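A short write-up of the structure that comes next.
2 protein chains.
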Amino acid sequence: MARFPLPPGSTLGILGGGQLGRMLALAAARLGFDVAVLERDADSPAGRVAAHTLVGAYADPVALEQLAALASVVTYEFENVPAEAVLTLQRLGVDCAPGPEALAVAQDRVSEKQFLNASGVATVAFASADDADEAVAAATQMGAPLLMKTRREGYDGKGQRWVEHAAQAGEVFRALGSVPVILEAPADFVRELSIIAARGRDGATAVYPLAENHHEGGILRRSLAPARVSPALADEAERIAARILKGLDYVGVLGIELFEMRDGRLLVNEIAPRVHNTGHWTQDGCEVDQFEQHIRAVAGWPLGPTAAVARVEMLNLLGDEADAWARLAREPETRLHLYGKREAKPGRKMGHVNKLKAL
Amino acid sequence: MARFPLPPGSTLGILGGGQLGRMLALAAARLGFDVAVLERDADSPAGRVAAHTLVGAYADPVALEQLAALASVVTYEFENVPAEAVLTLQRLGVDCAPGPEALAVAQDRVSEKQFLNASGVATVAFASADDADEAVAAATQMGAPLLMKTRREGYDGKGQRWVEHAAQAGEVFRALGSVPVILEAPADFVRELSIIAARGRDGATAVYPLAENHHEGGILRRSLAPARVSPALADEAERIAARILKGLDYVGVLGIELFEMRDGRLLVNEIAPRVHNTGHWTQDGCEVDQFEQHIRAVAGWPLGPTAAVARVEMLNLLGDEADAWARLAREPETRLHLYGKREAKPGRKMGHVNKLKAL
């Protein structure tokens, strides 16, 4: 097992070669680390900035052995890492951060909400269903409209549908693939907020100022940070973050999506055990961004400062929106971050801009 | 030949795999470019964060052909690029920035000073000598003490010696290797300053605020920026930068080392046709740092803003000073930049820190 803090020159492993892996790899390089990326695609955004690319599925035993031989610690750019991959790495003596318990909680929407409620963190009312009859029964008891989501997988609005009438629940269950689901009561929120939180190996925590987020079709379009919120709300968000980090014995950066309700309460919508799209504003709004913070945490380094030094409007560049790079590059207040993806499919996250404003 | 502005996804070539190449590669990646590094060492700081590493000497025709096949434009992390390498690349249809004329001027201390004076930019008095007798004659005419430097090569104080008495000049000439030299009158300066300047392919220029620099044993230890200077001095430095950039028909970032004389004049000590150690403060003191600025310029993008958003004290970490990373990582105002060099030889630049202060 590695000894912490990991010295510069050590190799950090990253499962996943997308934009989050890429920005993690760039942050790791700045601190003098080498990076090894495990990714199915030999030509990936993260692989192209990493010292080593291992090509394989995330649970490929040969690739994991190669990764274990290189890396002192392994982290991930997404939550749906197969549990067996983490167990294999641990068996090979490699530390994985965040740990398998945090992944297990975040991978299952029912476990996630159960964990949150048990930690004293409020969520919308929910029920689980494993077959169509259970889905109808739960929907009837809770009352429609309801949001039905697969318990596992799904991101950017995929794997979820509205149930307008309880009687439809069986049909929606089948449309989602007849897999275990969660039914969620609708949240009468006034704003979607998020908080990016970090916890080090020493148990120290740090949170960034809240971001206000705007989604379209389930995909994040825009974040504004620091969000204009009352000190009481900011305190409450911090308390929520602290409970979650501690409850998961978490190491690394965690994204927490929140609903700000009409009555002023904060409900947690979901947690992501990784750097988070709503935290991209920290790249140009904070001295230490979420990517360096995550590297610091998993490497056992002390956490860095999280105060905002600028106000940022973060806009995702989806699909061919990234073709506007030449115009965006001319805007003096706009910092451009492009991911090096080869193909601009509709809705695909190709990059983002951080537009700077005075605090 | 490439068409400008180069779209993201294009490959930029970098000759040289050290820390400057590494930080250029990281900046290029942020803008969505791929990087190909040509470097003698298969395991280099820049190569480890680049999509492609070509192993070879800088003038290796096979390696240059491989680079030309990959890269739309080639740039360099140091001024002593063999002229034949640039000519080979150009013959293969690859644009090189900065161009061969700028490199030729910067590679020869005599051509450099002649160019500066011809451009209306003041330097110390100087003479050239090709043999020991010429050296003695020049030293006798100018009067000792004098600084004798090889015309070519030499960096961080290497390749130069003081001539205390004119009669010693022959001996010093031989000690420097009996190669063509320049003799420079001592500069009675009160401060060493530098200005990082950039010029785009459209001829637009941008300069960063002046830095105040402190050397030890010929090696930069510390920069403070923005330096406290009068508006008149800042204007004069900008005028000097504009003349040099225009005179060289320059594309990219250029470092200009200045002497602030007791009488208030600014003399140019030397120019470096590349990103510069005294510009590292821009990474944490400006919205667009010198590395992104250089990438923008060579890619034909518009230049970014250069105003300071923080005051920075940049400290080089030489040799085993980088072993203090764990302590430095605990300082909230300190941003750490480590280069991933494998071996900490005495005096070797292993990393730097930017200590942030309010403007």
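If you read the protein sequences in the order shown, they are chains A and B. Everything in the first sequence is counted per our numbering, starting at 1062 for the first residue and increasing by one. Everything in the second sequence is counted per our numbering, starting at 1062 for the first residue and increasing by one. Just so you know, even glycine gets a beta-carbon here, dropped at the ideal spot from N, CA and C. A quick note: this is a predicted structure, and the numbers were derived from the prediction, not measured.
Practice task
Would you identify the three-state DSSP class for Glu1214 of chain B, choosing helix, strand or coil?
Solution key: coil
Practice task
Using a Cβ cut-off of 8 Å, pull out every chain A residue sitting near Glu1382 of chain B, in sequence order please.
Solution key: Within 8 Å Cβ-Cβ: nothing; Glu1382 of chain B doesn't reach chain A, min ~13 Å.
Exercise for the section: Return the residues of the region 1305-1324 of chain A that lie within a Cβ-Cβ distance of less than 7 Å from chain B, sorted by chain order. Expected result: Listed by position, the residues of the region 1305-1324 of chain A near chain B (Cβ gap below 7 Å) amount to none.
Practice task
Spell out whether any CB of chain A is found under 7 Å from the CB atom of Leu1379 of chain B.
Solution key: Answer no: the Cβ-Cβ gap between Leu1379 of chain B and chain A never drops below 7 Å.
Exercise for the section: Look up Lys1416 of chain B in the DSSP assignment and give the residues it is bridged to. Expected result: In DSSP, Lys1416 of chain B forms a bridge with B:Glu1374 and B:Thr1395.
Handout entry: Segments of 3+ residues assigned as beta strand (DSSP E) that fall wholly inside the region 1164-1252 of chain B
Key = Runs found: 1187-1190, 1207-1211, 1221-1224 and 1242-1245.
Handout entry: Near-chain A residues of the region 1110-1130 of chain B (beta-carbon distance less than 7 Å), N- to C-terminal order
Key = Val1110 and Ala1112
Handout entry: Contact set for Gly1365 of chain B: own chain, Cβ-Cβ below 8 Å, skip 5 residues either direction
Key = Ala1267, Glu1348, Val1349, Glu1353, Gln1354 and Arg1357
Exercise for the section: Could you list which residues in chain B have their beta carbon closer than 8 Å to that of Pro1393 of chain A, in chain order? Expected result: Gly1365 and Pro1366
Practice task
State the start and end residues of the unbroken beta strand (DSSP E) segment that holds Phe1320 of chain B.
Solution key: Gly1313 to Met1322
Handout entry: N-terminal and C-terminal residue of the alpha helix (DSSP H) that Glu1353 of chain A is part of
Key = Segment Gln1351 to Val1359, the alpha helix (DSSP H) holding Glu1353 of chain A.
Exercise for the section: Can you check DSSP and say which residues form a bridge with Ser1071 of chain A? Expected result: BP columns for Ser1071 of chain A are empty, so no partner.
Practice task
Would you kindly check if the distance between the Cβ of Leu1087 of chain A and the Cβ of Val1110 of chain A is under 7 Å?
Solution key: yes
Handout entry: Start-to-end residues for the alpha helix (DSSP H) that takes in Ala1144 of chain A
Key = For Ala1144 of chain A, the enclosing alpha helix (DSSP H) has its first and last residue at Ala1144 to Arg1152.
Practice task
Quickly, what does DSSP pair Asn1274 of chain B with across the bridge? List them, please.
Solution key: Its beta-bridge partners are B:Glu1253 and B:Ser1284.
Practice task
Consult DSSP for Leu1309 of chain B and reduce its assignment to one of helix, strand or coil.
Solution key: coil
Handout entry: Cβ contact (3+ pairs, closer than 8 Å) linking the region 1153-1166 of chain A and the region 1294-1310 of chain A
Key = The region 1153-1166 of chain A is in contact with the region 1294-1310 of chain A.
Practice task
Note the first and the last residue of the continuous alpha helix (DSSP H) segment covering Asp1345 of chain A.
Solution key: Thr1343 to Gly1346
Practice task
Compare the C-beta of Pro1069 of chain A against all C-beta atoms of chain B and say whether one is closer than 7 Å.
Solution key: Interface residue, yes.
Practice task
Would you mind working out which of B:Phe1234, B:Pro1247, B:His1113 and B:Gly1079 sits nearest Ala1103 of chain A, comparing C-alpha positions?
Solution key: B:His1113
Handout entry: Nearest to Pro1407 of chain A (by Cα), restricted to the options A:Leu1081, A:His1413, A:Leu1420 and A:Leu1378
Key = A:Leu1378
Practice task
Note down, in chain order, all residues in the region 1252-1275 of chain A with a beta-carbon under 8 Å from any beta-carbon belonging to chain B.
Solution key: none
Exercise for the section: Using the Cα positions of Ala1107 of chain A and Glu1392 of chain A, report the straight-line distance between them to the nearest angstrom. Expected result: 27 Å
Problem - Coil, strand or helix - Thr1339 of chain B by DSSP - result: helix
Practice task
State the Cα-Cα distance for the pair Ser1071 of chain A and Ala1383 of chain B, rounded to the nearest angstrom.
Solution key: 14 Å
Exercise for the section: Could I get the ranges of all uninterrupted alpha helix (DSSP H) runs contained in the region 1070-1132 of chain A, with 4 residues as the minimum, in chain order? Expected result: 1080-1091 and 1122-1131
Handout entry: Inter-residue spacing [alpha-carbon to alpha-carbon] between Asp1156 of chain B and Ala1360 of chain B
Key = Approximately 10 Å, taken between the alpha carbons.
Handout entry: Whole-Å CB distance - Gln1168 of chain A paired with Glu1140 of chain A, under 8 Å assumed
Key = 6 Å between Cβ atoms; contact.
Practice task
Could you please give the first and the last residue of the uninterrupted beta strand (DSSP E) stretch that includes Ala1267 of chain B?
Solution key: Thr1266 to Val1268
Handout entry: Contacts that Gly1052 of chain B makes with chain A (C-beta to C-beta distance below 7 Å)
Key = Absent from the model: residue 1052 of chain B. The displayed extent of chain B is 1062 to 1420, so no value can be given.
Problem - Straight-line gap, Ala1246 of chain B to Ala1199 of chain B (C-alpha atoms, nearest Å) - result: 11 Å
Handout entry: Buried or exposed by the 16-neighbour rule on C-beta atoms within 10 Å, applied to Gln1080 of chain B
Key = buried
Problem - Whole-angstrom distance between Leu1420 of chain B and Pro1292 of chain B, CA atom to CA atom - result: 16 Å
Problem - Neighbourhood of Val1116 of chain A by C-beta distance below 6 Å, restricted to the same chain and skipping five residues each side - result: Ala1103
Problem - Exposed unless 16 or more other CB atoms sit within 10 angstroms - verdict on Glu1277 of chain A - result: Label assigned to Glu1277 of chain A: exposed.
Problem - Beta-carbon gap between Val1373 of chain A and Ala1302 of chain A smaller than 7 Å - result: Between Val1373 of chain A and Ala1302 of chain A, the C-beta gap is not smaller than 7 Å, which leaves the two residues out of contact.
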